[in-house]
Amino acid sequence: MEDKKLTRKKLLITSLLGTLGLVAGELIRSSNNIEEESDKDDDSSVKYGMVIDLDRCIGCNACTIACKQENNTPPDMNYNVVIEREEGEFPHPKKKFLPRICMQCDKPPCVKVCPVGATKKLNNGIVTIDYEKCIGCRYCMTACPYGARSFDFGENYNTPPNSFESTTYAEYDQFYKRDKTMPALNGVRKCHYCSHRLAEGKLPACVTACLGKARTFGNLNDPESEVSKLASKSWSLKDNLGTKPRTMYIGEWKEERGKRCVNQIVYGG
Amino acid sequence: MRKSNSIWWLVFSILVLIAFLLMYIRINQGLSFTNLNNLVGWGLWVTFYVYFLGISVGLFLSYGLIEIFNLEKYRDLGRVALYSSMVSLLVGLFFILIDIGHLGRFWTVFINRNVTSVLSWELHLYVLYFFVIAVLLFMDNLPSSWKPTNEPKRIKWLCKNRKSIIKYITYFGIPLAIAVHGGTGALFAVVKARAFWNSAIFPVIFLTSATLSGISAIIFFIGFFKKLKYSIGSLRNLSRIFFILLIFDNFLVLLQLFINYYSDINDRVAFINLIFLGDYSKSFWIGQIGIGVILTVLLFCIYFYSDQKFLYLWLSSITCLIGIWFIRMNFIAPTLSVPLIDGLAENMYRSNESFKYTPSIMEWIYSYFIIISGTIIYIFGINRIPNVRDALFRRKIKGDDIEQNI
Ligand code: SF4
Ligand code: SF4
Chain A
19 MEDKKLTRKK LLITSLLGTL GLVAGELIRS SNNIEEESDK DDDSSVKYGM VIDLDRCIGC
79 NACTIACKQE NNTPPDMNYN VVIEREEGEF PHPKKKFLPR ICMQCDKPPC VKVCPVGATK
139 KLNNGIVTID YEKCIGCRYC MTACPYGARS FDFGENYNTP PNSFESTTYA EYDQFYKRDK
199 TMPALNGVRK CHYCSHRLAE GKLPACVTAC LGKARTFGNL NDPESEVSKL ASKSWSLKDN
259 LGTKPRTMYI GEWKEERGKR CVNQIVYGG
Chain B
442 MRKSNSIWWL VFSILVLIAF LLMYIRINQG LSFTNLNNLV GWGLWVTFYV YFLGISVGLF
502 LSYGLIEIFN LEKYRDLGRV ALYSSMVSLL VGLFFILIDI GHLGRFWTVF INRNVTSVLS
562 WELHLYVLYF FVIAVLLFMD NLPSSWKPTN EPKRIKWLCK NRKSIIKYIT YFGIPLAIAV
622 HGGTGALFAV VKARAFWNSA IFPVIFLTSA TLSGISAIIF FIGFFKKLKY SIGSLRNLSR
682 IFFILLIFDN FLVLLQLFIN YYSDINDRVA FINLIFLGDY SKSFWIGQIG IGVILTVLLF
742 CIYFYSDQKF LYLWLSSITC LIGIWFIRMN FIAPTLSVPL IDGLAENMYR SNESFKYTPS
802 IMEWIYSYFI IISGTIIYIF GINRIPNVRD ALFRRKIKGD DIEQNI
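Sequences listed follow chains A and B, in order.
Residue numbers for the first sequence follow my numbering, beginning at 19 and rising by one.
Residue numbers for the second sequence follow my numbering, beginning at 442 and rising by one.
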């Protein structure tokens, strides 16, 4: 009897200790990693950000085209989308435009949920995706409140891809070519503020291409920069979610999330 | 014996061949043959994954209660439940495997962990949960008395302490199972971008539905395996638990729908409209409410008020299982169909159609294949696991009247 009791106790204690050990080990390992990756040089002099002036946007989609060209993105890969909306009644209807890119959130929900840590927040403010690590679970896509992420289904505009589509392009300081072995295929992609251009001291392609000069890009850590000055009077999409976007807006836009969906069904519109 | 072995060889060879073909297509074409897009990124396969995982957890919890409270009369049902829960878990995990973009990288989730990701924790829990079930199944099938002639010494210790080991592992397994499926619910609940999911009751609904699906599955097995013996008393109790859970589960679902509707918040109301009146209304009214609630309750009432003819309870358990599938389906794709920013869908796809999701034929073919393979493996295992085989074909129950079903 005595013997049996001891065995039970041992079994229970060993399994409990084992579990606790595993959990503690994992927590220590991960918290070490987090520190290493995001806080190390948090005094880095550059924190990129963008302010988009909606009153200057004319909805020409030059940014969309420039982005597609720069990043060689396949169909339905939406790094940059200009959302159009009609407001007001005849005789005073108005077209409103909202360019949407990745907000490079300071508290990015996409980074939190990624099961393999493939998506990370860099010290310069950019949220990156490691194409070699991403398993393509699309959890980040469901978690992003801005629909900023797209899955690369492996489709091309042309089959086989034409000479432009198969050129080499750069993302996150790496070079890629669109073919079967392309790492981004079957993974999730999104706007990265053209990080490869920033490394060369250039502006993101959409900012350079913008006809109405609606986009201002720069270092938010520098209080004298134009973007910092504009940022002080800007607003963010879905501010209430606490994602702390680095892409901000000025100008008027009524947020009517899901309203069209509601109206369409209720009023058959 | 030899004949049956060669039939199994044939069946498994055919399965493996089809699996190769399907995998070849899947690896070559990625997810392009699915109807998923950048708005609705999770669809049929994720629904099935959640569904089978729920059944697994429900069955395991039933087994756990039987084991812990030493309910001798239910022991055979418990054994079948434990084994079924393992197969159901495997089927569910297979669905999530084919759903990920990079099939070949699935194992990397165990080396590239992310402590803030619910999914990362979940995947580890699934493995632990699988081992718990496997060990329990193994322990349960050990002989209770040790024969020195044919067993090695180490087994002696296991045989001697079999009962207490099973009990302690079950104690560990129950909270684990709750974490497994509560966690699956939390996977969705933590997503603040999707207003309908982002509620604390979501994991609770997942757990209740899971328990209900477990009980339904047990009732289903009683009807399906005609030789499985059960006592009238235990069936009566099971039917009561089934009905109470059915009401409680639907009460929680109703609560979730009501609170979202009452809120008047656009995203939430948009979801309600989508399933009540919009693109997913058929799946809601016919599947979830028609089959899952009305037909299930009706059949149960017939069972209850007629002279408790088992057939009706059995049918009721089947309609309930179908209804729970629809709950999963209606809670996943429609939530993703609600536009994140007004006009985003239209400007991404230049059409209003894009936020509707209906699974493609290929998605269904893969799903059927996984389910059929799971069923075949299930039947194969029955004859090879002594206690399950005994439970289903031989053993008698002491006490209460014994009745062979239908
Ligand atoms: S906008 Fe979306 S993808 Fe970009 S950082 Fe924020 S949550 Fe992540
Ligand atoms: S799709 Fe890739 S980046 Fe997104 S959560 Fe999954 S593994 Fe992470």
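Using N, Cα and C, we set each Cβ at its ideal position, and we do this for glycine too.
Residues that residue i contacts on chain B, provided the C-beta gap is smaller than 7 Å
{"i": "Ala161/A", "result": "Val632, Ala634"}
{"i": "Phe171/A", "result": "Gly471, Leu472, Ser473"}
{"i": "Tyr164/A", "result": "Leu781, Ile782"}
Closer than 8 Å at the beta carbon, the chain B residues around residue i
{"i": "Arg10/A", "result": "Within the shown structure, residues of chain A are numbered from 19 to 287, placing residue 10/A beyond reach of any answer."}
{"i": "Leu259/A", "result": "Lys633, Ala634"}
{"i": "Asn204/A", "result": "Gly471, Leu472, Gly542, His543"}
{"i": "Lys220/A", "result": "Near Lys220/A there are no residues of chain B at all, since even the closest Cβ is about 27 Å away, more than 8 Å."}
heavy atom of ligand 2 below 7 Å from residue i C-beta
{"i": "Arg156/A", "result": "yes"}
{"i": "Ile416/B", "result": "Outside the modelled stretch of chain B, which goes from 442 to 847, sits residue 416/B, for which no answer is possible."}
{"i": "Pro133/A", "result": "yes"}
{"i": "Thr549/B", "result": "no"}
{"i": "Thr557/B", "result": "no"}
{"i": "Gly172/A", "result": "no"}
{"i": "Ala136/A", "result": "yes"}
{"i": "Gly205/A", "result": "yes"}
{"i": "Ile806/B", "result": "no"}
{"i": "Ile552/B", "result": "no"}
{"i": "Cys228/A", "result": "no"}
{"i": "Ile147/A", "result": "yes"}
{"i": "Ile153/A", "result": "yes"}
Contact list for residue i against chain A, beta-carbon separation under 9 Å
{"i": "Tyr609/B", "result": "Arg26, Leu29, Leu30, Ser33"}
Residue i versus residue j: straight-line alpha-carbon distance, rounded
{"i": "Gln729/B", "j": "Phe692/B", "result": "13 Å"}
{"i": "Glu53/A", "j": "Ala522/B", "result": "Low per-residue confidence applies at Glu53/A: pLDDT is 41, beneath 50, and the placement is therefore not dependable enough to give any value."}
{"i": "Gly36/A", "j": "Phe629/B", "result": "29 Å"}
{"i": "Ala658/B", "j": "Ile646/B", "result": "18 Å"}
{"i": "Thr488/B", "j": "Ala636/B", "result": "19 Å"}
{"i": "Asn553/B", "j": "Gly43/A", "result": "14 Å"}
{"i": "Lys139/A", "j": "Thr146/A", "result": "6 Å"}
{"i": "Lys231/A", "j": "Ile119/A", "result": "16 Å"}
{"i": "Asp267/A", "j": "Lys256/A", "result": "The residue asked about is misnamed: residue 267/A is Tyr in this sequence, not Asp. So the two alpha carbons sit approximately 11 Å from each other."}
{"i": "Pro133/A", "j": "Leu560/B", "result": "5 Å"}
{"i": "Tyr819/B", "j": "Thr625/B", "result": "24 Å"}
{"i": "Leu416/B", "j": "Arg103/A", "result": "Limits of chain B in this structure are 442 at one end and 847 at the other, which puts residue 416/B out of reach."}
{"i": "Gly10/A", "j": "Asp748/B", "result": "Chain A is shown only over 19 to 287; residue 10/A falls outside these bounds and no answer can be derived."}
{"i": "Lys750/B", "j": "Ile507/B", "result": "25 Å"}
{"i": "Gly106/A", "j": "Cys123/A", "result": "32 Å"}
{"i": "Pro800/B", "j": "Arg74/A", "result": "41 Å"}
{"i": "Leu72/A", "j": "Gly269/A", "result": "5 Å"}
{"i": "Ile849/B", "j": "Val457/B", "result": "Examination of residue 849/B is not possible in this model, given that chain B is present from 442 through 847 alone."}
{"i": "Asp517/B", "j": "Thr816/B", "result": "20 Å"}
{"i": "Asn446/B", "j": "Ala460/B", "result": "21 Å"}
{"i": "Leu580/B", "j": "Lys208/A", "result": "Leu is not the amino acid found at residue 580/B; the sequence shown has Met there. Using only the alpha carbons, I get a separation of about 50 Å."}
{"i": "Lys112/A", "j": "Leu472/B", "result": "40 Å"}
{"i": "Glu173/A", "j": "Val532/B", "result": "29 Å"}
{"i": "Gly67/A", "j": "Lys262/A", "result": "11 Å"}
9 Å Cβ cut-off: residues of chain B touching residue i
{"i": "Asp94/A", "result": "Asn478, Asn479, Met789, Tyr790"}
{"i": "Ser184/A", "result": "The premise fails here: Ser184/A is roughly 18 Å from chain B at the closest Cβ pair, so nothing lies under 9 Å."}
Cβ of residue i within 8 Å of any chain E Cβ
{"i": "Gly230/A", "result": "Absent here is chain E; the protein component of the structure consists of chains A and B."}
Neighbour list for residue i in chain A, Cβ cutoff strictly below 8 Å
{"i": "Leu523/B", "result": "Correct list: empty, because the minimum Cβ distance to chain A is about 19 Å."}
{"i": "Thr549/B", "result": "Val134, Lys151, Ile153"}
{"i": "Arg784/B", "result": "With the sequence shown as reference, residue 784/B is identified as Gly, and Arg is not the correct amino acid for it. Chain A residues near Gly784/B: Ile101, Glu102, Arg103, Leu116, Arg278."}
{"i": "Phe493/B", "result": "Neighbours of Phe493/B on chain A: none; closest Cβ ~17 Å, over 8 Å."}
Contacts that residue i makes with chain A (C-beta to C-beta distance below 7 Å)
{"i": "Asn553/B", "result": "Val134, Gly135, Lys151"}
{"i": "Arg546/B", "result": "Ile153"}
{"i": "Gly482/B", "result": "Arg156, Met159, Thr160, Phe169"}
Exercise. Residues with a Cβ closer than 6 Å to any heavy atom of ligand 1, in chain order?
Worked result: Cys120/A, Met121/A, Gln122/A, Cys123/A, Pro126/A, Pro127/A, Cys128/A, Val145/A, Cys162/A, Tyr164/A, Ala166/A, Arg167/A, Lys208/A, Thr261/A
Problem set entry | 4-residue-minimum alpha helix (DSSP H) runs that sit fully inside the stretch 530 to 583 of chain B, ordered along the chain | 559 to 581
Exercise. Which ranges does the alpha helix (DSSP H) cover as unbroken runs of at least 4 residues, wholly within the stretch 58 to 92 of chain A, from first to last along the chain?
Worked result: 80 to 89
Exercise. Quick one: complete alpha helix (DSSP H) runs, 4+ long, within the stretch 176 to 220 of chain A?
Worked result: 213 to 217
For this session: Enumerate, from N- to C-terminal direction, the unbroken beta strand (DSSP E) stretches of 3 or more residues contained entirely within the stretch 127 to 173 of chain A.
Result: 137 to 139, 145 to 147
Exercise. Can you give, in chain order, each stretch of the alpha helix (DSSP H) that sits fully within the stretch 464 to 530 of chain B and has at least 4 residues?
Worked result: 485 to 509
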